[in-house]
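**Student:** Numbering (the UniProt record's numbering), first residue to last: 1 to 266.
(1) May I have a chain-ordered list of the beta strand (DSSP E) segments no shorter than 3 residues that lie completely inside the region 195-238?
(2) Can you list, in chain order, the residues of its chain with a C-beta nearer than 7 Å to that of residue 13? Leave out the 5 residues immediately preceding and following it.
(3) Mapping DSSP to helix, strand and coil, what is residue 124?
(4) Under 8 Å Cβ to Cβ from residue 41, same chain only, skipping five residues before and after it: list those, please.
(5) Are the beta-carbon atoms belonging to residue 251 and residue 229 less than 8 Å from one another?
(6) For residue 39, does the count of other Cβ atoms within 10 angstroms reach 16, so buried, or fall short, so exposed?
(7) Could you have a look at residue 91 and say whether DSSP puts it in helix, strand or coil?
(8) Skipping 5 residues on each side, what residues in its chain have a beta carbon closer than 7 Å to that of residue 124?
(9) Do residue 110 and residue 34 have their C-beta atoms closer together than 8 Å?
(10) Between the alpha carbons of residue 193 and residue 186, how many angstroms are there, rounded?
(11) Helix, strand or coil: how does DSSP classify residue 16 here?
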């Protein structure tokens, strides 16, 4: 299983286009950006497809827009992880922010995990649209009741109000405010896109460096040297929560001490 895979694993070199194709083909969606999967609903349905019936799809909200609704989806996902005994920490606070890199890495891991279960073979008997609709009907029914009550309350309030003559002026004010907000949000989006581009370039730069180090350590003349083995222990560490530096240092120290002892005997 791919519950624990190191950052140098091939899973983390899968590109965003391949991931989007994987998601759209299997779930019959039309995602164009990785950030669109930040709500956690896609991840829930991917596990539902891998383990049919395990995910309570009626609790999954594909229309989640607020962080609160997204967190509810990740709670469902975490419950499924616990049920399946999947030892994978979900960085919910990072994922719900919609940052491309965090969501990319989580989806890379998810693809590797699902492929390890079914060998990458698509479940032909699974109907993703039908599974989504089952949950959507219940939410739509509850949502329409809330909207209906809200409309009734607003109508009663408007009926008893005598400020009808002031509405055009208020509309102009709201329109001006909205235009300013749209302009501010557009600037924020542009700044975020630039930040994302810089982060992606930085990530690719460091991945390339790590790959060069890995290739060097795999050179036949060097791969069995203590330093090369210690470096590979760090590169291939599966647990992202703890640093493998201490283990590598301990291995290197023991190897060097053993070598010195042998030299003294000779």
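Glycine included, every Cβ here is placed at the ideal spot set by N, Cα and C.
**Tutor:** Once the coordinates are examined:
(1) As for any beta strand (DSSP E) of minimum length 3 sitting wholly inside the region 195-238, there is none.
(2) Taking the first residue of the chain shown as position 1, residue 13 is located at position 13. Within the same chain, residue 13 has no close Cβ partners at all.
(3) In the chain shown, counting from the first residue as 1, residue 124 sits at position 124. Residue 124: coil per DSSP, three-state reduction.
(4) Along the chain shown, one-based indexing puts residue 41 at 41. The beta carbon of residue 41 is closer than 8 Å to those of 60, 61, 62, 64 and 73 in its chain, skipping five residues each way along the sequence.
(5) Taking the chain shown and counting its residues from 1, the one referred to as residue 251 is at position 251. Taking the chain shown and counting its residues from 1, the one referred to as residue 229 is at position 229. Yes, the Cβ-Cβ distance between residue 251 and residue 229 is below 8 Å.
(6) The residue labelled residue 39 in the question sits at position 39 within the chain shown. When all chains shown are included, residue 39 counts as buried.
(7) Within the chain shown, numbered from 1, the residue matching residue 91 stands at position 91. Coil.
(8) The residue given as residue 124 occupies position 124 in the chain shown. The answer is none, since no qualifying residue turns up.
(9) Here residue 110 corresponds to residue number 110 of the chain shown, with the count starting at 1. Here residue 34 corresponds to residue number 34 of the chain shown, with the count starting at 1. If you check the CB distance, residue 110 and residue 34 do not come in under 8 Å.
(10) Within the chain shown, residue 193 is the residue found at index 193, counting from 1. Within the chain shown, residue 186 is the residue found at index 186, counting from 1. Approximately 11 Å between the Cα atoms of the pair.
(11) What you label residue 16 is simply residue 16 of the chain shown in a count that begins at 1. In the structure shown, residue 16 falls within a helical segment according to DSSP collapsed to helix, strand and coil.
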